[in-house]
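One structure below.
Protein chains in written order, with the working numbering: chain W, 673 to 768; chain U, 9 to 720.
Structural data, given as structure tokens:
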């Protein structure tokens, strides 16, 4: 069973620190992690960086990470900044 | 290759592509459109054009080519999808559909709206040619002189986020100055370990930009973030020096990932000198991920479905039906021989037959979503026509029902939805006055309930006005002035032919045709229509349809020497008919756990001969919220029933919906539960009602059904 974390509506620099800590703790405790992005309504570079970090850290710690159900806001932001790493991570989740 | 067959599959495929196109366009009106959807739109026209070319359908090729150009512009971001553009695309969709329909019917392809649509497309294609950033393969007009290409390498400082600046806002601002043709972020600096600081910036952006700007203007964009940041901005012509400069900063990993990005864009080639690059970067190159994803999705949906001719499926279902009967006969035989190994093997076989049966039947079942999917368009068009803003909400689209049923439901549902928008939802002024949001809501909802499928069409409009309906019905002479009608009866009046309460006649409804047709259609499917209405809050039309399938689970009951089948899904419980105190006659109703249960005696109702046995049984059947107890002589248990339609002579029988052959070869009639319940509740209401029950009991019209050996 993978552990599910649903990120809240706002993922900006104001939340980045706390979310980072939450995700870091989850990464340590679970071998399988699913992060639900469906509720995100606002995201900025800091929020996106946390997701990028999570993606890389999970690879490093060989945790099986799924980024699921990206909201339109997330998809728009990925397109805006050309965040290919996140795009492919989401593609992988879509394909599975 | 058989050209006719190829043509059929072309038409079929095109129809699917057009449906997809329509649904994407309608989605996009409600929401922003994604790159994949744009790709799919382009593909639909492109594929139709290609296939039409194979068949020499030059008219279609000519038209789709223009539509494709338009979609190409859209896909490459040179045009924005707005209401006007999506209107043109929808009209193009309709036109291609009409063209294909003409091809299918073997007629001359009509010109229709073609010229006006083509003119609109041409206008849209012209429009951006004047603006800074429109060059496409198709129009390939000369590039305006004041338009220039730029390369941007943006290394934002670590502290920009803390200083309240977000790289994303710069990109957004940049996009207002011209066209961001490609953007990629490089995040090799982002640590994967604990040294990651979520409030530090690790992003570096590589951008290809085209716009009517000069170097100072571009530099000005990033002036605020200059502290600790490094921005390299060069005209496209100075590509090699730009790449060199851009590579000076950053560590090896960062350099490599930048090179990867440039290589993807065709700006940099690993072996050759970086000056040797393709003269022009084709616009389609800058989204490498999207086409790959599209083709993947396309493949997976192809392999998931096999198209089977409907006739083949019907033959298979017929055979499975025979198999069920033969299996039952074998089981009966084994039982009479008393050989337990034989009996055991027939039981195993019966289990397998049961599985084959349910799988075969499920092949005929399609989700109603297929029908629902046409309604966003209906709602949009009708809403526009009437100047009402309507939101359609669909739920239960995956509710499955028989394919033939789905096809026949489309028209009545369309009537109801149009009716809801036209009559149900009020004008904006009236809605505001009633304290409702400007936008009206229409709901389509489907679900299964005790062996039937329920489809609801609801609106949040003004509700039905009972007084007005009554007045109108009086005026039209549909009812007499002294009629006493229940709420449901009043609502039911709107189904009467020639009835309309709309004060003004609109283009769509109000001419009194429609609802009576709806009722006829639904009754032809052996369904019912219920209406719930709350004044000021809205109206719900509830269609209840049987799952008419070739085979059902039946419950066998015996009356005299005849056997009858009741669809098992409708059976709630069975019990013995309690002896009446004092043995007086036949009670008309029963107290069942505090509720009154009307009883229907099948023997007199069906006019069967013979005297009831000493112990009679009650089978409680239910549809919706109504329950009725059927009084029968004996219960025989469950039986898989193959429904055989009744001959035309018996079609009009209300209480019988079909016949079946039992394992021993005898014929049993299948009871129409809906009709029985309606009759019983009417009878019950008639006993209490003050008005005369004008309908004679259905039983008096039934011929004798007691001869089960008479087969057909």
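Idealized CB from N, CA, C, for every residue including glycine.
- For residue 215 of chain U, the closest alpha carbon among the candidates U:248, U:159, U:230, U:226 is that of U:159.
- Put simply, the backbone Cα of residue 669 of chain U is about 7 angstroms away from that of residue 333 of chain U.
- Taking the Cβ atoms as the reference, residue 372 of chain U lies roughly 7 angstroms from residue 325 of chain U, within the contact range of under 8 angstroms.
- For residue 718 of chain W, the neighbours in chain U by C-beta distance under 7 angstroms run, in chain order, 169, 206, 207.
- Along the stretch 732-755 of chain W, the positions whose C-beta sits under 9 angstroms from a C-beta of chain U are 732, 733, 744, 747, 748, 749, 751, 752, 753, 754, 755, read in chain order.
- One finds 206, 207 in chain U with Cβ atoms closer than 7 angstroms to the Cβ of residue 688 of chain W, taken in chain order.
- Contact annotation: residue 342 of chain U and residue 350 of chain U have beta-carbon atoms nearer than 7 angstroms.
- For residue 700 of chain W, no CB of chain U lies under 7 angstroms from its own CB, so it is not counted at the interface with that chain.
- Judged by their CB atoms, residue 677 of chain U and residue 685 of chain U are not nearer to each other than the 7 angstroms cut-off.
- Secondary structure note for residue 375 of chain U: its beta strand (DSSP E) is the uninterrupted segment 373-375.
- At a cut-off of 3 residues, the continuous stretches assigned as beta strand (DSSP E) that sit fully inside the stretch 675-718 of chain W are 675-678, 704-708.
- In the DSSP annotation of this structure, residue 581 of chain U is not part of any alpha helix (DSSP H); the continuous beta strand (DSSP E) holding it starts and ends at 579-584.
- At a cut-off of 7 angstroms between beta-carbon atoms, residue 707 of chain W makes no contact with chain U.
- In this structure the stretch 684-700 of chain W lies against the stretch 726-738 of chain W, because at least three pairs of beta carbons, one per stretch, are closer than 8 angstroms.
- Here residue 486 of chain U is actually not in contact with residue 502 of chain U; their C-beta atoms are around 10 angstroms apart, not less than 8 angstroms.
- Cβ proximity to chain W below 8 angstroms picks out nothing from the stretch 82-93 of chain U.
- Inclusion of residue 101 of chain U and residue 121 of chain U in the CB contact set at 7 angstroms is not warranted, their separation being larger than that value.
- Pairing residue 212 of chain U with residue 270 of chain U, the inter-Cα distance amounts to about 13 angstroms.
- When the five nearest sequence neighbours on each side are left out, the beta carbons in the same chain lying within less than 6 angstroms of the beta carbon of residue 571 of chain U are those of 564, 676, in order along the chain.
- Residues of chain U whose Cβ lies closer than 7 angstroms to the Cβ of residue 724 of chain W are, in chain order, 195, 198.
- DSSP places residue 277 of chain U in the coil class of the three-state scheme, outside both helix and strand.
- Residue range 597-600 is occupied by the beta strand (DSSP E) that includes residue 600 of chain U.
- Membership of residue 546 of chain U in any alpha helix (DSSP H) is not indicated; the residue belongs instead to the beta strand (DSSP E) covering 546-554.
- Take the alpha-carbon of residue 329 of chain U and the one of residue 365 of chain U: they are about 8 angstroms apart.
- Listed by position along chain U, the residues whose Cβ is nearer than 8 angstroms to that of residue 692 of chain W are 204, 206.
- Taking C-beta atoms under 8 angstroms as the contact rule, residue 454 of chain U and residue 461 of chain U qualify, at a distance of about 7 angstroms.
- Judged by pairs of C-beta atoms under 8 angstroms, the stretch 649-658 of chain U does not touch the stretch 602-617 of chain U, as fewer than three such pairs exist.
- DSSP places residue 453 of chain U in no alpha helix (DSSP H) but in the uninterrupted beta strand (DSSP E) bounded by 448-457.
- Shown here, residue 156 of chain U sits in a strand according to DSSP, grouped into three states.
- Listed in chain order, the alpha helix (DSSP H) runs fully inside the stretch 375-407 of chain U are 377-380, 383-394, counting runs of at least 4 residues.
- Not a single C-beta of chain W is nearer than 7 angstroms to the C-beta of residue 316 of chain U.
- In this structure, residue 176 of chain U sits near residue 716 of chain W, with a CB-CB distance shorter than 7 angstroms.
- In the DSSP assignment, residue 241 of chain U falls within the unbroken beta strand (DSSP E) covering 238-243.
- Between residue 255 of chain U and residue 263 of chain U the beta-carbon gap is near 5 angstroms, inside 8 angstroms, which marks them as a contact.
- Of all alpha-carbon atoms in U:409, U:74, U:620, the one lying nearest the alpha-carbon of residue 568 of chain U is that of U:620.
- Checking the DSSP bridge columns, you'll see residue 464 of chain U partnered with U:453, U:550.
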